[in-house]
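Q: In numbering that gives the first Met the number 0, the protein residues as written are 0 to 528.
Ideal Cβ positions, reconstructed from N, Cα and C, are used throughout, including at glycine.
The structure that follows is given in the form of structure tokens.
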Amino acid sequence: MHFPAHTMVKIFASVVAMTCAAYAQNALDGSLHIGSGGVNSAPSNSSSTAPPRRNTTGLRQLSDALGYSSERDLARDIGVTNARRLDRTLNQGYIPPTGTAQPTSTIDWKKNNPLKYDSQGLALSTNTSRSWDQEAIPAGNFQIRNGERGVFTASSLRGVQREFDRDRIGGGGLSQYETARLREDIRNNTIRADAIGIGLRDPFKPYQPTDAIMPTKVPELKVRSNSQNLEPSDTRISGYQAVMKEVKQRFESRLNEDEKIVETEGNQKQPSAQKDSDERVLSAYEKLKKEIGDKQEEIDAQISADPKSGASSSTANPADQSTTAVDAKDQKRAGVNMTLDEYALVLKHGQRIDSMTGPEKNRLNELLSEGQRAMYEGNSFVAEKRFEVALAIHPDDPLALAGLLHCQISANLPNSAAISLKKLFTQHPEMMDVKWGPQAVPPRPRLEKSLLEATHRIAIGRDVPQYGLLQAYIGHLLSDQDAVTAGLFAMRGDVSDENMAAILRKLWVDPATDKFPQRIIPADPSPKP
């Protein structure tokens, strides 16, 4: 039989197609089924020569990370006597730069860094882990031939770096970025070099030339213009300065009343100069801080050493003392002649603070602004990092402390918040009557959640006074009079806590809604006639 040529071509193409389909089906079966005839590729020869690895022993890895082409160059710069062995005097671990305060005992994270103590369980959260990745951890010290010393730092983001002591500002050991920003602010005259790393000695004077924190001044890299030579105006925390101005006027008014009383009794007194008046105001302010702080023993020692108070107490009749007992809040304080109620009247300024920053453009303002915005948006740990750096630049800053407190309240960390609140009020009692704007406090749902947690801690029965203060403060922010009065009532037992509660009662509690007694009055054991 003879087939046409084109028919033969079609038959051949059909056979080829069927063969290819069969091979494809077999390949598919080999991929989908075990034991269907598929053959794995031959295993790689395990005896083949492995790629050579670099020898990273000794200082080679460190020299590569620092940009050196050989270990010899690194050894020449850092003073190593042997390429494989560091100098014995330099192999002692990390030593803080000169001027850094040395710890005297084991660090208690609960007291020194309460936020870190409370947030250990959140160490793997996104925001915290990212901030720690950027943090450079000191790993060791070095010294080059010309005598300059420095610190080797390591971080997962930037690797191993070396930082000279001359590149670090202050004793807090700020990062290179923060140090560079501060140097830029100093050159632009937007921040005082002697205000970095030191708190205010006199809160009524924001900046003082005696607050030097560096052994040597920062060298000026360029000539300043006439406008830059002027001292920067204190507008960073104008709201806080309005508070201190009002408190100072109230102190002066109260002290002037005492002088008039002395003059009416026939004791003529020379008119006091402004310097003496400022010293008296500062002295009265410091005595107030001791009254509400944990320094009651120091106050008792001063009273016992006062001859006038000792004479009056020794000549008094014990029977008269029992019948004319004076409440502690109504007792005149030695050296100030003011009661706790009069202290409360001095602190009742009613000033409002809407923002924690001012119009100046510097790194400190940026940190406070970023922290306030992050806190209000609910990013509590991001805000906490900003406020901690701000406190490293300007320790005991009242607004940075308040921002840190509000972050801890927003994150529902009652222990840390209670410690920060006590520190804020004992170091800056003028902050008790501050009226905060809505952008400067956490959102209301977070305040309510923290209030419930503080109430729960009080019910447990441990550290009741500190959680009572926290409950009263959050209730004050929420305008909840019941929470305020209940929290102040829990602040009983310790003298300093009761003194603070007596002052806060005058500032926060409406007398018409006050349902709790100020203190528990014990029953009189003597029988009545």
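For Val463, tell me which candidate among Trp507, Arg443, Asp479 and Leu487 has the shortest Cα-Cα distance.
A: Residue 463 sits at position 464 when you count from the first residue of the sequence shown. It is Leu487 whose Cα lies nearest to the Cα of Val463.
Q: Compare the Cα-Cα distances from Lys289 to each of Met490, Tyr239, Ile143 and Tyr342 and report the closest residue.
A: Here residue 289 refers to the residue found at position 290 when the sequence shown is read from its first residue. If we check each option's Cα against that of Lys289, Tyr342 comes out closest.
Q: Applying the 10 Å Cβ sphere with the 16-neighbour rule, what's the burial state of Gln438?
A: The residue given as residue 438 occupies position 439 in the sequence shown. By the 10 Å Cβ count, Gln438 comes out exposed.
Q: Assign Asp184 to one of two classes, buried (16 or more other C-beta atoms within 10 Å of its C-beta) or exposed (fewer than that).
A: Locating residue 184 in the sequence shown gives position 185, where the first residue counts as 1. Answer is buried; the Cβ neighbour count reaches 16.
Q: What does a CB cutoff of less than 7 Å around Asp432 pick up in its chain, not counting 5 residues either side in sequence?
A: Taking the sequence shown and counting its residues from 1, the one referred to as residue 432 is at position 433. Excluding positions up to five away in sequence, the list reads Leu346, Lys347, His348, Gly349 and Leu506.
Q: Is Val388 buried or exposed, if buried means 16 or more other CB atoms sit within 10 Å of its CB?
A: For this step, residue 388 is matched to residue 389 along the sequence shown. Result: buried.
Q: Does Pro441 come out as helix, strand or coil in the three-state DSSP assignment?
A: The residue you call residue 441 lines up with position 442 of the sequence shown. Residue state, collapsed to three classes: coil.
Q: Check the DSSP bridge columns for Gly139 and list the partner residues they point to.
A: Residue mapping note: residue 139 aligns to position 140 of the sequence shown, counting from 1. Partner(s): Phe151.
Q: When DSSP labels each residue in this structure, what does Gln350 get in the three-state scheme?
A: Mapped onto the sequence shown, residue 350 falls at position 351. Of the three classes helix, strand and coil, the one that applies to Gln350 here is coil, per DSSP.
Q: Would a C-beta distance cut-off of 8 Å place Leu423 and Leu404 closer than the cut-off?
A: For the purposes of this step, residue 423 is identified with residue 424 of the sequence shown, where counting begins at 1. For the purposes of this step, residue 404 is identified with residue 405 of the sequence shown, where counting begins at 1. Going by C-beta atoms, Leu423 is nearer than 8 Å to Leu404.
Q: Which residues does DSSP pair with Gly292 in a beta bridge?
A: For the purposes of this step, residue 292 is taken as the residue at position 293 of the sequence shown. Per DSSP, none; premise fails for Gly292.
Q: Evaluate Val38 with the Cβ neighbour count: other Cβ atoms within 10 Å of its Cβ, from every protein chain shown; 16 or more gives buried, anything less gives exposed.
A: Indexing the sequence shown from 1 puts residue 38 at position 39. Note that Val38 scores 46 on pLDDT, short of 50, meaning its location in the model is unreliable and no value can be drawn from it.
Q: Which stretch, first to last residue, makes up the alpha helix (DSSP H) that contains Ser419?
A: Along the sequence shown, read from residue 1 onward, the residue named residue 419 stands at position 420. Counting along the chain, the alpha helix (DSSP H) containing Ser419 begins and ends at Pro413 to Gln426.
Q: Using only alpha-carbon positions, find the residue among Met355, Leu287 and Gly460 that is nearest to Lys434.
A: As a first step, residue 434 is located in the sequence shown; it is residue number 435 there, counting from the start. Comparing Cα-Cα distances from Lys434 to each of Met355, Leu287 and Gly460, the minimum goes to Met355.
Q: When the distance is taken between beta carbons, is Ala410 closer than 8 Å to Phe380?
A: Numbered from its first residue, the sequence shown carries residue 380 at position 381. Numbered from its first residue, the sequence shown carries residue 410 at position 411. Result yes, Cβ atoms of Phe380 and Ala410 sit closer than 8 Å.
Q: Go to Glu497, then tell me how far its alpha helix (DSSP H) extends in each direction, as first and last residue.
A: Numbered from 1 along the sequence shown, position 498 holds the residue referred to as residue 497. Per DSSP, Glu497 belongs to the alpha helix (DSSP H) from Val494 to Trp507.
Q: Let me know if Thr6 comes out buried or exposed under the rule of 16 or more other beta-carbons within 10 Å of its beta-carbon.
A: The residue given as residue 6 occupies position 7 in the sequence shown. By the neighbour-count rule (16 or more Cβ atoms within 10 Å), Thr6 is not buried but exposed.
Q: Could you tell me whether the Cβ atoms of Ile190 and Leu367 are closer together than 8 Å?
A: Translated into positions along the sequence shown, residue 190 becomes position 191. Translated into positions along the sequence shown, residue 367 becomes position 368. In this structure, Leu367 does not lie closer than 8 Å to Ile190 by Cβ.
Q: Counting along the chain, where does the alpha helix (DSSP H) carrying Ile190 start and finish?
A: Indexing the sequence shown from 1 puts residue 190 at position 191. Where Ile190 is concerned, there is no enclosing alpha helix (DSSP H), given that its DSSP letter is neither H nor E.
Q: Taking Glu369 as part of the alpha helix (DSSP H), name the residues at either end of that continuous run.
A: Taking the first residue of the sequence shown as 1, we reach residue 369 at position 370. First-last of the alpha helix (DSSP H) with Glu369: Arg362 to Glu376.
Q: Tell me whether the beta-carbon of Gln531 lies closer than 8 Å to the beta-carbon of Thr454.
A: With the chain covering only 0 through 528, there is no way to say anything about residue 531.
Q: Measure the Cβ-Cβ separation of Ile392 and Gly238 and say whether it is below 8 Å.
A: Counting from 1 along the sequence shown, the entry for residue 392 is found at position 393. Counting from 1 along the sequence shown, the entry for residue 238 is found at position 239. Result no, Cβ atoms of Ile392 and Gly238 do not sit closer than 8 Å.
Q: To the nearest angstrom, how far is it from the Cα of Ala501 to the Cα of Glu383?
A: Looking up residue 501 in the sequence shown gives position 502. Looking up residue 383 in the sequence shown gives position 384. Distance between the alpha carbons of Ala501 and Glu383 is about 31 Å.
Q: Rounded to a whole number of angstroms, what is the C-alpha to C-alpha distance between Gly370 and Glu256?
A: For the purposes of this step, residue 370 is identified with residue 371 of the sequence shown, where counting begins at 1. For the purposes of this step, residue 256 is identified with residue 257 of the sequence shown, where counting begins at 1. Spanning the two alpha carbons is a distance of roughly 43 Å.
Q: Can you tell which of Leu503, Ile136 and His427 has its C-alpha closest to the C-alpha of Leu398?
A: Within the sequence shown, numbered from 1, the residue matching residue 398 stands at position 399. When only C-alpha atoms are compared, the closest one is His427.
Q: Measure from the alpha carbon of Glu443 to the alpha carbon of each residue in Pro394, Ser478 and Gly460, then state which is nearest.
A: Taking the first residue of the sequence shown as position 1, residue 443 is located at position 444. Inspection of the sequence shows that residue 443 is occupied by Arg rather than by Glu. Among Pro394, Ser478 and Gly460, the Cα nearest to that of Arg443 is on Ser478.
Q: Tell me which residues share the same chain as Arg351 and place their Cβ nearer than 8 Å to its Cβ, disregarding the 5 neighbours each side in the sequence.
A: The count along the sequence shown starts at 1 and reaches residue 351 at position 352. The residues are Gly238, Val433, Lys434, Trp435 and Gly436.
Q: So Ala283 packs on Met337, CB below 8 Å; how close in whole Å?
A: Translated into the one-based positions of the sequence shown, residue 283 becomes position 284. Translated into the one-based positions of the sequence shown, residue 337 becomes position 338. With a Cβ gap of about 7 Å, Ala283 and Met337 count as contacting.
Q: Is DSSP giving Arg491 helix, strand or coil here?
A: As a first step, residue 491 is located in the sequence shown; it is residue number 492 there, counting from the start. Residue state, collapsed to three classes: coil.
Q: Cα-Cα, which of His475, Val494 and Thr152 is closest to Arg504?
A: Position 505 of the sequence shown, counted from the start, is the residue given in the question as residue 504. When only C-alpha atoms are compared, the closest one is His475.
Q: Could you say which of Gln240, Leu412 and Thr152 lies nearest to Met430 if we only look at CA atoms?
A: Position 431 of the sequence shown holds residue 430. Among Gln240, Leu412 and Thr152, the Cα nearest to that of Met430 belongs to Gln240.
Q: Does the beta-carbon of Val280 have 16 or more other beta-carbons within 10 angstroms, so that it is buried, or is it exposed?
A: Along the sequence shown, read from residue 1 onward, the residue named residue 280 stands at position 281. Buried, by the Cβ-count rule.
Q: Is Leu400 near Ser415, with beta carbons less than 8 Å apart?
A: As a first step, residue 400 must be located in the sequence shown, where it is residue number 401. As a first step, residue 415 must be located in the sequence shown, where it is residue number 416. Contact flag unset, no.
Q: Return the residue from the list Gly139, Met17 and Asn188 that minimises the CA-CA distance to Lys360.
A: Within the sequence shown, the letter at position 361 stands for residue 360. The shortest Cα separation from Lys360 among Gly139, Met17 and Asn188 belongs to Asn188.
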